[in-house]
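Here is the structure we will look at.
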Amino acid sequence: MNFKDAKRKVIECLNTGNIRHEARNNIDIKNLLITGAVTPTEVASILGRSRGNEHLASPHHFDASVEVHIVKTQHAGQGWYIKWYFLEPDSVFISVHHQ
């Protein structure tokens with residue numbers, strides 16, 4: 005999936021509440037979305053301003069058929085690292101944190 009389509013789809017999921025979170029260590033530091041430190045609307049805004057050159061995609065380390073999207077961007081003077089994949093009809097967030 006190209007960045008334009010991934011960006012559109014993840015923002016739609018954030019706006020409609022179709023989001024889940026992958027279990028991981030240090031969730032309180034590595035996923036500020038699940039802790040409530042940032043809202044889905046804020047994450048959608050950060051991703052909405054991101055550009056294609058800030059995006060990477062790679063296979064998930066547990067299931068190579070799942071494409072994981074990573075955005076490393078700057079927003080409001082802070083570096084952001086946002087990592088997710090799609091599991092219909094949701095976006096599953098692995099990381100949402102400052103760099």
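For reference, each letter of the sequence shown is one residue, going 5 to 103 in this note's numbering. A virtual CB, placed ideally from N, CA and C, is assigned to each residue, including glycine.
Cα-Cα separation, residue i to residue j
i	j	result
I62	E71	Position check: residue 62 holds Ser in this sequence, whereas Ile was assumed. If you take the alpha carbons of S62 and E71, they lie about 6 Å apart.
T119	K13	With the chain running from 5 to 103 in the structure shown, residue 119 is simply not present.
V96	G81	26 Å
N57	H101	19 Å
F7	L60	8 Å
W88	S69	14 Å
S99	I86	5 Å
D143	G52	The question about residue 143 has no answer here: the residues shown for the chain are numbered 5 through 103.
Of the listed residues the options, nearest to residue i (C-alpha basis)
i	options	result
F66	R28, N19, L18 and K8	R28
V47	D94, F90, W84 and L91	W84
I74	L91, S54, I23 and G40	S54
G40	L51, G52 and H25	H25
F90	H79, L36, H64 and I50	H64
Local conformation of residue i per DSSP, three classes
i	result
P63	strand
R55	coil
T45	helix
R12	helix
One or two residues paired with residue i in a DSSP bridge
i	result
N35	V100
F90	S95
Check: residue i C-beta below 8 Å from any heavy atom of the ligand FMN
i	result
A27	The ligand FMN is not part of this structure, which contains no ligands at all.
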